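A quick write-up on the structure given underneath.
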Amino acid sequence: MIDQIIGFLTHVIIQTISSTGYFGVFILMALESALIPIPSEVTMPFSGYLVTTGRFNLYLIIFIGAVANLAGSIAAYLLGYWGQEHVVRKLIRNYGKYLLISEREFNKSEKWFRKHGEKIVFLSRLLPVVRTFISLPAGIAEMNFVKFCWLTFFGSLIWSAFLTYIGYFLGKNWNSIEVYYRKFEILIFVAGLGIVIYYIWHKYQKTKTKK
């Protein structure tokens, strides 16, 4: 079932980008960050492949992907900010199944935000699942909006560049990434977790030194 959904989404993404170019990439990446299940792991590698054909400019497409992620994340942030937790949870319970959003995934994002603070807004852009939902707890916690935007943009820029370069180097074989989709996400999760652990250890060592 999941494979069929991913296959359908892949077809929609390819057709959208092929028909509308940069604008299509912006819409798809914005929707992903606005809690709509459109995998950037398809959007950006395919765009990277189109760079090799001369359709897109490499740096422009990376920038558009990051700005689009920011736009969608702002929408999710505002939902959390204005709706607060009880409204967000009610929406997820009633409509989450249509958007492939579960309360368990929201709880995970909220737990990460409470545990690691505002820095996780940046780090989560490199993590599976959490990166899509982290904007909700950030909004609920009324995180400083300007800081939220900066951290989101730079985290998204790294993610966008990483995926685009994969498509760029794989060329017409860009879609081979789908075969390793879940393994790839696990690898990214482990790498991102390592970054978080290093950050916490580094902060601990600094605190220890000051004593």
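Per the working numbering, the sequence shown starts with residue 14, numbered consecutively.
The beta carbon of each residue, even a glycine, is placed where N, CA and C say it ideally should be.
Here the structure is a predicted model, which means the values were calculated and not measured.
*asked:* Check for me: the alpha helix (DSSP H) holding Gly168 runs from which residue to which?
replied: Phe158 to Leu183
*Burial state of Glu155, where buried means 16 or more other Cβ atoms lie within 10 Å*: exposed
*asked:* According to DSSP, is Met14 part of a helix, a strand, or is it coil?
replied: Residue confidence is low: Met14 scores 49 on pLDDT, short of 50, so the model does not pin down where it sits. No coordinate-derived value is stated.
*asked:* Let me make sure I understand the geometry here. Which of Arg68, Met42 and Ser137 has the alpha-carbon closest to that of Gly184?
replied: Arg68
*So what's Phe69 in DSSP terms, helix, strand or just coil?*
coil
*What are the start and end residues of the alpha helix (DSSP H) that includes Pro50?*
Here Pro50 belongs to no alpha helix (DSSP H), and DSSP marks it neither H nor E.
*Report the residue from Leu149, Ile179, Gly96 and Val38 whose alpha carbon sits nearest the alpha carbon of Ala89.*
Leu149
_Close-in-space but distant-in-sequence residues of the same chain around Gly78 (CB under 6 Å, 5 per side omitted)_ = Met42, Met57 and Ser173
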